[in-house]
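Note sheet for the following structure.
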Amino acid sequence: MSDVPEGFVPVAKTSDVPPGAMIVIAVDRERIMLANVAGQFYALRDMCGHRNAPLSRGRLDGHIVECPLHFAQFDVRTGKLV
Numbered sequence: 123m124s125d126v127p128e129g130f131v132p133v134a135k136t137s138d139v140p141p142g143a144m145i146v147i148a149v150d151r152e153r154i155m156l157a158n159v160a161g162q163f164y165a166l167r168d169m170c171g172h173r174n175a176p177l178s179r180g181r182l183d184g185h186i187v188e189c190p191l192h193f194a195q196f197d198v199r200t201g202k203l204v
């Protein structure tokens, strides 16, 4: 019996992503950014819609990640532009 819920794929250890940090992993050839916000983990496609900039190279401030190219901000909880 596994501790992993059905439908989930283990991609990193929680210790790999300290609070306030982001890392990039690949799932089925897709770059995914993992963010740790105060012990809660979020996953987003590692790409801003503007010129495909990698969000993982931006700045994480609380639940908000900022695109490093044009400074658009996204909520990591929803992926929506703020």
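Sequential numbering from 123 applies to the sequence shown in our numbering. The beta carbon of each residue, even a glycine, is placed where N, CA and C say it ideally should be. Just so we're clear, the structure is a prediction, and the values are computed from it rather than from any experiment.
Straight across, the Cα-Cα distance linking Leu191 with Ala175 is about 6 Å. Looking at the backbone, the Cα of Asp138 and that of Cys189 are separated by about 22 Å. For Asn158, the enclosing beta strand (DSSP E) stretches over residues Glu152 to Val159. With respect to the 8 Å criterion, Ile147 and Val133 are classified as neighbours on the basis of their beta carbons.
Each residue's CA atom was taken as its position, placing Phe196 and Gln162 some 16 Å apart.
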